[in-house]
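Trainee:
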DNA sequence: TTATATGCAAAAGCTTTGCATGGGT
DNA sequence: ACCCATGCAAAGCTTTTGCATATAA
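Protein chains in written order, with our numbering: chain A, 137 to 282; chain B, 137 to 282.
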């Protein structure tokens, strides 16, 4: 399990937020912990809100903005125009496959893809600050599975 | 110049729309022609509206939805959450570099990147229906330029 | 002639902001 | 004590929808 990874990001988040002069209220604490939960990928503000015992839309949006501004979360605007967030951890760097049938996102990593992106940036004379790759399609079901 | 490319897409668009039972009104015609103009990349509905002599928000959004549903345009949700459209032409396939300073998008193509994406899809067992790559950063200005 | 396109106005949804109150440090 | 966080309510924006009218085929 990557309990360790989760705690590392939580610690990092707390440290970064403190240094920025932010204080830990109930809403922020709950949001940060939710984002760090295992298997969480591309959560919307609404989804976070639904899972919070307490918390108002404004707290959620404000906290997410804060986290995004500090580089603690990634923000991805999906095809439906709704912003989705996930923790930004170098050790969990990944991209997403979106099933066009269900809309479900699946994370994946690929070394060759990363190298290709670095190469493009070099060729274009760009100092990279971030990159997103989204691939859309349908899972091929062959006889060997399900 | 790629006048030829433009006309090819325009013809294709008209044909596809007709086959879908759509009719060519003033608004749609203007929108389609604007999209096909040279150098147009990632236009917002608002930008289109501003450049239309006539046309209402509803016509613009409805036409863009129609074009998107028929696969005639790509829709990209930028970081600001506003949808941007550009014509979908296999011969103009490209991705985008977004300058984090100005927000300006610059199109680019890269063969190695395309191959990497195809390889990922194969590895994941995914039949690709589309993919987007966005790289964000800052242009490096060295002594040899500007 | 008949189904579709258009435009206006109203509504819907996500997100932001103002402000008074509560709470962290 | 001071300043930040929170929550409510209201506002802002982009986008969608209902409906009457105009228009393409």
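Using N, Cα and C, we set each Cβ at its ideal position, and we do this for glycine too. Because the structure is a prediction, the values reported are computed rather than measured.
Which residues in the same chain as residue 179/B place their Cβ atom closer than 8 Å to its Cβ, once the five residues preceding and following it in sequence are excluded?
Mentor: Same-chain partners within the cutoff: 170, 171, 220, 221, 222.
Trainee: Going by DSSP in three states, residue 154/A sits in which element: helix, strand or coil?
Mentor: Residue state, collapsed to three classes: helix.
Trainee: Measure from the C-beta of residue 269/A to each C-beta in chain B and report whether the shortest distance is under 8 Å.
Mentor: yes
Trainee: Within its chain, find whatever has a CB closer than 8 Å to the CB of residue 271/A; leave out the 5 residues flanking it on each side and keep chain order.
Mentor: Excluding five sequence positions before and after residue 271/A, the CB atoms of its chain that fall closer than 8 Å to its own CB belong to 231, 232, 233, 234, given in chain order.
Trainee: What did DSSP end up calling residue 179/A once you bin it into helix, strand or coil?
Mentor: strand
Trainee: When we look at the beta-carbon of residue 156/B and count the other beta-carbons within 10 Å, is it buried (16 or more) or exposed?
Mentor: So residue 156/B counts as exposed.
Trainee: Could you spell out the range, first to last residue, of the alpha helix (DSSP H) harbouring residue 227/A?
Mentor: Neither: residue 227/A is in no alpha helix (DSSP H) and is coded neither H nor E.
Trainee: I'd like to know if residue 236/B contacts chain A, where contact means its C-beta is closer than 8 Å to some C-beta of that chain.
Mentor: yes
Trainee: Closer than 6 Å by C-beta to residue 153/B: which residues in its own chain qualify, once you throw out the five before and the five after it? Chain order, please.
Mentor: Annotation for residue 153/B: no residue places its beta carbon closer than 6 Å to its own, counting only its chain and skipping 5 residues before and after.
Trainee: Which of the three DSSP states, helix, strand or coil, is assigned to residue 253/A?
Mentor: Helix at residue 253/A.
Trainee: Closest to residue 161/B by C-alpha separation, out of 175/B, 139/B, 199/B, 144/B, would be which residue?
Mentor: 199/B
Trainee: Determine the DSSP secondary structure at residue 196/B, reduced to helix, strand or coil.
Mentor: Of the three classes helix, strand and coil, the one that applies to residue 196/B here is helix, per DSSP.
Trainee: Which bits of chain B does residue 182/A rub up against, with CB to CB less than 7 Å?
Mentor: Those within 7 Å of residue 182/A in chain B number zero; the least Cβ separation is about 14 Å.
Trainee: So, is the C-beta of residue 139/B closer than 8 Å to a C-beta in chain A?
Mentor: no
Trainee: If we count Cβ pairs, one from each stretch, closer than 8 Å, do we get three or more for the region 183-199 of chain A versus the region 180-200 of chain B?
Mentor: At 8 Å Cβ cutoff, the stretches do not touch.
Trainee: Using a Cβ-Cβ distance under 8 Å, would residue 205/B count as near chain A?
Mentor: no
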